[in-house]
Each structure stands twice: as C-alpha cells, then as structure tokens.
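Here the structure is laid out as structure tokens; the discussion comes afterwards.
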Amino acid sequence: GGYNDRYIDLRVDDHPRPIEELIRLYQLRQLYFEKPRPEKVAAIEGTVKEEVAAHLVRLGYLSKERSADLEALHEALTVYIHTENFEERQVEKGKIDLDVLQYMKQQPSPKEVG
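The sequence shown lines up with residues 16 to 129 when you count with our numbering.
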C-alpha cells in the first residue's frame, strides 16, 4: 500500500535493546508533539523555581549571578524551550510543563557531554 495507514511508525530493528529504544522514542515523540496536560503545569515559584533555575544554570542557559532574577529566568527558559523544540509544551509566562522540567533533570550538561 501507500504506507499512510499508520499514525506512528518507529523503527528499532537494529537496536541492541529494541523494546527499550522503542519506548524511549515514543516518549520523545509524546514530549515533542503533544500539548501539556493542565495537571502537569506548575507555577514557577518556590521549589519549582529553584529547580528550573538550577537546571538552566547547569545547562548553560542562565548565569548563576542572574538565577534569582525572575525575568532572566523566564527569558532563559524561553530560549531553552525553543532550542529543544518544545514549542508545543510552552505555557504561559510564570509556568512550566513538568514534563519539560523532568526532561531538563535528565539532560546531561554540556560539560558531561564533551
């Protein structure tokens, strides 16, 4: 046929751990293309603010000196979201999709990568 009868077609045939890789790819697909669920959106305040700032500093998007500046944090978060292609996950200013925060937590820093 026309190969247009599939909603998702992910290939992991040659991967040494195909099931785990398929799960990982599907989760990334969900992260990039699904809209955030309202129950997974949190205000950037308190502990969430501290976590977001710490990860933006660790990943090189925010200087440690400006991490307490809420406007600088929002600007850095916007740059991060656009760099990582999470535009579908961008929510109103002052909030964050917790799935994006979870991704940030698991993402290696530039120092860890190279």
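Just so it is clear, CB atoms sit at the ideal spot from N, CA and C, and this is done for glycine as well.
### Query
Is there contact here, the region 93-102 with the region 67-77, by at least three beta-carbon pairs under 8 Å?
yes
### Own chain, CB closer than 7 Å to Tyr-118, minus 5 neighbours either side, in chain order
Walking along the sequence shown from the start, residue 118 turns up at place 103. Cβ neighbours of Tyr-118 beyond the five flanking positions: Leu-46.
### Query
So what does DSSP say about Lys-108, is it helix, strand or coil?
The residue labelled residue 108 in the question sits at position 93 within the sequence shown. Coil at Lys-108, not helix or strand.
### Simplified DSSP state of Val-27, which is helix, strand or coil
The residue labelled residue 27 in the question sits at position 12 within the sequence shown. Reduced to three states, the DSSP call for Val-27 is coil.
### Where Ile-111 falls, given that 16 or more other Cβ within 10 Å makes a residue buried
Here residue 111 refers to the residue found at position 96 when the sequence shown is read from its first residue. Label assigned to Ile-111: buried.
#### Entry: Euclidean distance between Cα positions of Thr-62 and Asp-20
Within the sequence shown, residue 62 is the residue found at index 47, counting from 1. Within the sequence shown, residue 20 is the residue found at index 5, counting from 1. If I take the Cα positions, the gap works out to 45 Å.
### Query
If we cut at 7 Å on Cβ distances, does Glu-102 have a partner in chain B?
Here chain B cannot be found, since the structure has a single protein chain.
### Task
Out of His-70, Val-115 and Tyr-22, point me to the one whose CA is closest to Pro-123's CA.
Numbered from its first residue, the sequence shown carries residue 123 at position 108. Checked all of His-70, Val-115 and Tyr-22; the closest Cα to Pro-123 is His-70.
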